[in-house]
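Q: Take a look at this one; I'll ask things after.
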Amino acid sequence: MSVALRYLSTRGTARAATLSEAIAAGMAPDGGLYVPERLPALLLEQFDPDGNLADTAATLLAPFFAGDALAGELRAICAEALTFPTPLRALPQHPKTSLLELFHGPTAAFKDVGARFLAACMRRLRGDGAAPLTILVATSGDTGAAVAAAFHRQPGIEVVILYPDGRVSPRQAHQLGCLGDNVHALRVQGRFDDCQRMVKAALNDPALQAQVPLSSANSISLGRLLPQMSYYAHAAVARCRERREPLNLIVPTGNLGNALAAQWVRTTGLPVSQIKLACNANATLPDFFAGHDYAPREALATLANAMDVGAPSNFERLRWTLPDNTLLRAQIQAQSVDDRTISTTIATHAREHDEVFCPHTATAMHLLDQLREAGNQAPWTVVATAHPAKFESVVEPLIGRPVEVPVALGAMLQRPSSAEAMAAEDDALRRWLLERATRKAPVLS
Numbered sequence: 002m003s004v005a006l007r008y009l010s011t012r013g014t015a016r017a018a019t020l021s022e023a024i025a026a027g028m029a030p031d032g033g034l035y036v037p038e039r040l041p042a043l044l045l046e047q048f049d050p051d052g053n054l055a056d057t058a059a060t061l062l063a064p065f066f067a068g069d070a071l072a073g074e075l076r077a078i079c080a081e082a083l084t085f086p087t088p089l090r091a092l093p094q095h096p097k098t099s100l101l102e103l104f105h106g107p108t109a110a111f112k113d114v115g116a117r118f119l120a121a122c123m124r125r126l127r128g129d130g131a132a133p134l135t136i137l138v139a140t141s142g143d144t145g146a147a148v149a150a151a152f153h154r155q156p157g158i159e160v161v162i163l164y165p166d167g168r169v170s171p172r173q174a175h176q177l178g179c180l181g182d183n184v185h186a187l188r189v190q191g192r193f194d195d196c197q198r199m200v201k202a203a204l205n206d207p208a209l210q211a212q213v214p215l216s217s218a219n220s221i222s223l224g225r226l227l228p229q230m231s232y233y234a235h236a237a238v239a240r241c242r243e244r245r246e247p248l249n250l251i252v253p254t255g256n257l258g259n260a261l262a263a264q265w266v267r268t269t270g271l272p273v274s275q276i277k278l279a280c281n282a283n284a285t286l287p288d289f290f291a292g293h294d295y296a297p298r299e300a301l302a303t304l305a306n307a308m309d310v311g312a313p314s315n316f317e318r319l320r321w322t323l324p325d326n327t328l329l330r331a332q333i334q335a336q337s338v339d340d341r342t343i344s345t346t347i348a349t350h351a352r353e354h355d356e357v358f359c360p361h362t363a364t365a366m367h368l369l370d371q372l373r374e375a376g377n378q379a380p381w382t383v384v385a386t387a388h389p390a391k392f393e394s395v396v397e398p399l400i401g402r403p404v405e406v407p408v409a410l411g412a413m414l415q416r417p418s419s420a421e422a423m424a425a426e427d428d429a430l431r432r433w434l435l436e437r438a439t440r441k442a443p444v445l446s
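Just so we're aligned, residue 2 is where the sequence shown starts under this note's numbering, counting upward by one.
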């Protein structure tokens, strides 16, 4: 019988939790992020060579779920959540280059994988008759829509999405406010880092939690982070079996969850080799990996808005994974890409190769272009995190033609959308949550 993993806080003062407890809580009570006490070792032979993404996820995550109340439901959770492909597509104009397409879910971004998995877990953890729960989400663009779609009309769940007003694309903003029902969008008059700070303050407020039970669905939640490992594992297993070579990854990143998932897959022993991080002009991570002290800062607004993060939450988890800075910098490299270069990359690849990328994927393609120009002929996989149709106001003027809209995204865009304005203040969110709870409370006669 497998030994159950305990889940610890990155800050080291909270008691150990079960996986179910960690998923339900979102954040540890000491303000840290939950991590497994160890990352299990996995072998290529454990994975079904003919399995789909859900099969790979069930095998990959079994050691993480061992001994937990959700262990018996894991395969069903994976089958329920991971119903769309994450294909590893060769780019014919780019020898030894593949694109890992993560945008085939209902909201056209990689966040669908984690959000749907978390929703499936929460449905089982809460059961019938559970007390109402409010899930808080800070989003720089794609997370909120994925969480909203995953939890839409789920009984007993309210979803509150905070996003920086004017700093997400028009179609992203529409997605955030178009579902209604149990989903509420708040336009924060600030940056994504303000939204993230406000959510963390609420989650760490015991008095507020006593009146309005809260949880999180950002990548600070293990229920979102763990399933993100699945598409890297699935691609790595397939690549190793087909070509007898490991996966080298270029990952666009902002809050570091997607990149951390790749690192955790590599740590388990599966065939992931090099990892390079592509960032926008927000240089917190590139500066650190270049040898500077870690120094969070205010986020800058860029074309790759979903990565507009100046204080990436998952850096705490990355440092837990590799606490020695020298080793960490040896294993991962990061580079900033400015808006002019993002625009040039999108336009050039559309014109010369008939490939259209979103601004985030374009940061990774630029790193690939640099590698090839420098003579690097190793096989590389670029991670495509979102569909370019979500950023038509950026992409279409650069390529000179419309971008075809995926069916699911088109359906969301047909719905009316609205969001409520909010000041970038912790107390503003606290008051809003308390006032809403008061309005919804039953009247006793």
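A virtual CB, placed ideally from N, CA and C, is assigned to each residue, including glycine.
These numbers were taken from a predicted model, which means no experiment stands behind them.
(1) Identify every run of the beta strand (DSSP E) within the stretch 358-402, keeping only runs that are complete inside it and at least 3 residues long; order them along the chain.
(2) Whole angstroms is fine: what's the gap from P295's alpha carbon to T144's?
(3) Pick helix, strand or coil for E102, following the three-state DSSP scheme.
(4) Taking the straight line between their C-alpha atoms, what separation do you get for S446 and R437?
(5) Three Cβ pairs or more, each shorter than 8 Å: is that satisfied between the stretch 59-68 and the stretch 202-210?
(6) With distances taken Cα to Cα, identify the nearest neighbour of R267 among A279, A203, Q332 and N315.
(7) Could you pull the start and end residues of the beta strand (DSSP E) that Y164 belongs to?
(8) Tell me the rounded alpha-carbon separation between G106 and L92.
(9) Indicate the three-state DSSP secondary structure (helix, strand or coil) for A348 in the structure shown.
(10) Compare the C-alpha of L227 against each of V36, F152 and E426 and name the closest.
(11) Which residue from A25, G32 and P313 puts its Cα closest to that of R127?
(12) Could you name the residues of the same chain whose beta carbon sits closer than 6 Å to that of L187, not counting the 5 residues immediately before and after it, in chain order?
(13) If we ignore side chains and look at the alpha-carbon of each, how far apart do K201 and G32 end up?
(14) Quick check on DSSP: helix, strand or coil for P37?
(15) When DSSP builds the beta bridges, which residues end up paired with Y233?
(16) Going by other Cβ atoms of all chains shown within 10 Å of its Cβ, with 16 needed for buried, is T439 buried or exposed?
(17) In the DSSP output, what is K277 paired with across the bridge?
(18) Do T362 and T386 count as a contact pair if the criterion is CB distance below 8 Å?
(19) Under the assumption that V161 contacts T135 (Cβ atoms under 8 Å), give the Cβ distance between them as a whole number of angstroms.
(20) Who pairs with M423 in a beta bridge, going by DSSP?
A: Concretely, from the data shown:
(1) 381-385
(2) Here residue 295 turns out to be Tyr, not Pro, going by the sequence shown. Between Y295 and T144, the C-alpha separation is close to 25 Å.
(3) strand
(4) With a pLDDT of only 33 at S446, under 50, the local geometry of the prediction cannot be trusted, and no value is derived from it.
(5) no
(6) Q332
(7) I158 to P165
(8) 21 Å
(9) helix
(10) V36
(11) A25
(12) L163, E421 and M423
(13) 8 Å
(14) strand
(15) According to DSSP, Y233 bridges with nothing at all.
(16) exposed
(17) I251 and Q334
(18) yes
(19) 6 Å
(20) V189
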